[in-house]
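Peer 1: Got a structure here, written out as structure tokens. Questions coming.
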């Protein structure tokens, strides 16, 4: 699935499609939650296909499920949460407008972990799929932000 403009000298370190092929139970659980009428406040709405289905991917490609691309330079790697603190699980990066973003560290293969390094350019492509529970606190449509691809450049950009 093409996702559009790419980073120069990039390496894709995560693709949701690859992850879901390896873990079909994840897809089954997410789809079951969408279909479970007894849980109206949990899961995705499924208006453009069930998560991970061919219809869902086609909705992404057709733009029915909006995607965003957020690109910046890695400024910090850190640990969020209360689990094992052996390795960072969160990355901060600053986009070209100077806005700070925090995202989880995603990897399809462990060999990609060293690419998460200060000064490297990183790009997250995310799908915004409607949640069942609506509306958001501000009255707008509430979406799950689902990371579908992460790419990191091989070039360090910090002086």
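Numbering (the numbering used here), first residue to last: 2 to 160. Glycine included, C-beta positions come from ideal geometry on N, C-alpha and C.
Mind checking residue 134: buried by the 16 CB within 10 Å criterion, or exposed?
Peer 2: Within the chain shown, residue 134 is the residue found at index 133, counting from 1. Exposed, since its Cβ has fewer than 16 Cβ neighbours within 10 Å.
Peer 1: Sort out for me which residues DSSP pairs residue 34 with in a bridge.
Peer 2: Counted from its first residue, the chain shown places residue 34 at position 33. In the DSSP output, where bridge partners are listed per residue, residue 34 has none listed.
Peer 1: Spatial neighbours of residue 91 within its chain, please: CB distance less than 8 Å, with the 5 preceding and 5 following residues excluded, ordered by chain position.
Peer 2: Here residue 91 refers to the residue found at position 90 when the chain shown is read from its first residue. Excluding positions up to five away in sequence, the list reads 78, 79, 80, 81, 103, 104, 105, 106.
Peer 1: Report buried or exposed for residue 29, applying the criterion of at least 16 other Cβ atoms within 10 angstroms of its Cβ.
Peer 2: Within the chain shown, residue 29 is the residue found at index 28, counting from 1. Exposed, because fewer than 16 other Cβ atoms sit within 10 Å of the Cβ of residue 29.
Peer 1: Going by the DSSP bridge assignment, what does residue 78 pair with across the sheet?
Peer 2: What you label residue 78 is simply residue 77 of the chain shown in a count that begins at 1. Beta-bridge pairing links residue 78 to 92.
Peer 1: Would you mind reading off the limits of the beta strand (DSSP E) that contains residue 146?
Peer 2: In the chain shown, the residue the question calls residue 146 occupies position 145. Taken as a continuous stretch (DSSP letters only), the beta strand (DSSP E) holding residue 146 covers 144 to 157.
Peer 1: DSSP three-state label for residue 162, please.
Peer 2: With the chain represented from 2 up to 160, any question about residue 162 goes unanswered, as that position is not in the structure.
Peer 1: For residue 151, which of 44, 120, 89, 116 has the nearest alpha-carbon?
Peer 2: Here residue 151 refers to the residue found at position 150 when the chain shown is read from its first residue. Answer by Cα proximity: 116.
Peer 1: Drop a sphere of 10 angstroms on the beta-carbon of residue 3, count the other beta-carbons inside from all chains shown, and report buried for 16 or more, exposed for fewer.
Peer 2: Along the chain shown, read from residue 1 onward, the residue named residue 3 stands at position 2. With a pLDDT of 43 at residue 3, under the threshold of 50, the modelled position of that residue is not reliable, and no figure is offered here.
Peer 1: Just verifying my parser: in three-state terms, what is the DSSP assignment at residue 103?
Peer 2: Locating residue 103 in the chain shown gives position 102, where the first residue counts as 1. Three-state DSSP puts residue 103 in a strand.
Peer 1: At which residues does the beta strand (DSSP E) containing residue 131 begin and terminate?
Peer 2: Counting from one through the chain shown, the residue named residue 131 turns up at place 130. Run containing residue 131: 121 to 131, per the beta strand (DSSP E) assignment.
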